[in-house]
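Student: Quick one: the structure is below, and I'll ask about it shortly.
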Amino acid sequence: MKYFAGIVPPSPVYETFLRIQKQFGDNRVEPHITLRPPVKPHDEEKWLQIVTKIAATTKPFTVTLPNTDYFGNGVLFASVLADALIALHKELITALAPFENEENDADTHHFHPHLTLGRKWCGFTTDNFENMQQLANEYLIGKNISFKATHIRIYQKPEHQGRWQAFRDAPFLTI
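When the sequence shown is numbered by this note's numbering, its final residue is 313 and no position is left out of the sequence of numbers.
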């Protein structure tokens, strides 16, 4: 089984991005901000325990979505501002490393927080990207769109098949 960990925005942010995506295609996973990219842990139980334990000691924090941008010409995303998110990512990567294989380390050191709107390999076209970007920017720019992150969502997927599915939510520290 493969897993990844992310932050899911609450409604209406979630619903707005989902509506924008669905007009143009299927992103194959719900709107989220990835904290730990997909991995196949060699000790799934310990990996899940660590994510849950770290979440339980994390205070809720604010995430701001100022605009959109691209990774090359293959990924359109909403930019993310949240220093606490970067710190949480570093804490997770360090704590999870003993329960992961070394080849899982490829995407952990170049963390660029973002909320993916579309990926070309999922079937989105350049025209889709332009239309999605226009709609997303109309929603985001100048409106100070932000939300309170309150939990980590753990996703799972059987190897080489199926879609990523929400597996478990690990709530943050209750204040």
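Even for Gly, the Cβ is constructed at its ideal location relative to N, Cα and C. Keep in mind the model is a prediction, meaning the values are calculated, not measured.
For E183 and A193, what's the separation of their Cα atoms in angstroms?
Tutor: Mapped onto the sequence shown, residue 183 falls at position 45. Mapped onto the sequence shown, residue 193 falls at position 55. Straight-line Cα distance between these residues: approximately 16 angstroms.
Student: Report the CB separation of V177 from F142 in whole angstroms; it is logged as a contact under 8 angstroms.
Tutor: Position 39 of the sequence shown, counted from the first residue, corresponds to residue 177. Position 4 of the sequence shown, counted from the first residue, corresponds to residue 142. The Cβ separation is near 7 angstroms, so the contact holds.
Student: Apart from the five residues on each side of it in sequence, which residues of its chain come closer than 8 angstroms, Cβ to Cβ, to Q303?
Tutor: Taking the first residue of the sequence shown as position 1, residue 303 is located at position 165. Closer than 8 angstroms at the Cβ level, and outside the excluded window around Q303, lie Y293, Q294 and K295.
Student: For I290 and D265, what's the separation of their Cα atoms in angstroms?
Tutor: Reading the sequence shown from its first residue, position 152 is the one you call residue 290. Reading the sequence shown from its first residue, position 127 is the one you call residue 265. Approximately 33 angstroms between the Cα atoms of the pair.
Student: Just to confirm my understanding: we take P204, look at its own chain, exclude 5 residues before and 5 after, and list those with CB closer than 7 angstroms. What are they?
Tutor: Residue numbering aside, residue 204 sits at position 66 when the sequence shown is read from its first letter. Excluding its 5 nearest sequence neighbours in each direction, P204 has C-beta neighbours in its own chain below 7 angstroms: S217, L219 and L278, listed in chain order.
Student: Tell me which residue opens and which closes the beta strand (DSSP E) that Q271 is part of.
Tutor: As a working mapping, residue 271 is identified with position 133 in the sequence shown. Per DSSP, Q271 belongs to no beta strand (DSSP E); it is in the alpha helix (DSSP H), T264 to L278.
Student: Report all residues from its chain with a CB closer than 7 angstroms to the CB of L173; omit the five preceding and five following residues, and keep chain order.
Tutor: Walking along the sequence shown from the start, residue 173 turns up at place 35. If we look at L173 and ignore the five residues flanking it on each side, its Cβ neighbours are A143, G144, I145, L226, H227, L230 and I290.
Student: For the alpha helix (DSSP H) that contains H227, what are its first and last residues?
Tutor: As a working mapping, residue 227 is identified with position 89 in the sequence shown. First-last of the alpha helix (DSSP H) with H227: D221 to L234.
Student: Judging by CA-CA distance, which residue of Q187, T254 and P169 is the nearest neighbour of N211?
Tutor: Reading the sequence shown from its first residue, position 73 is the one you call residue 211. Of Q187, T254 and P169, the residue nearest in Cα terms is T254.
Student: So, with DSSP's three-state summary, where would you put V146?
Tutor: As a position in the sequence shown, residue 146 is number 8, starting the count at 1. Coil, per DSSP.
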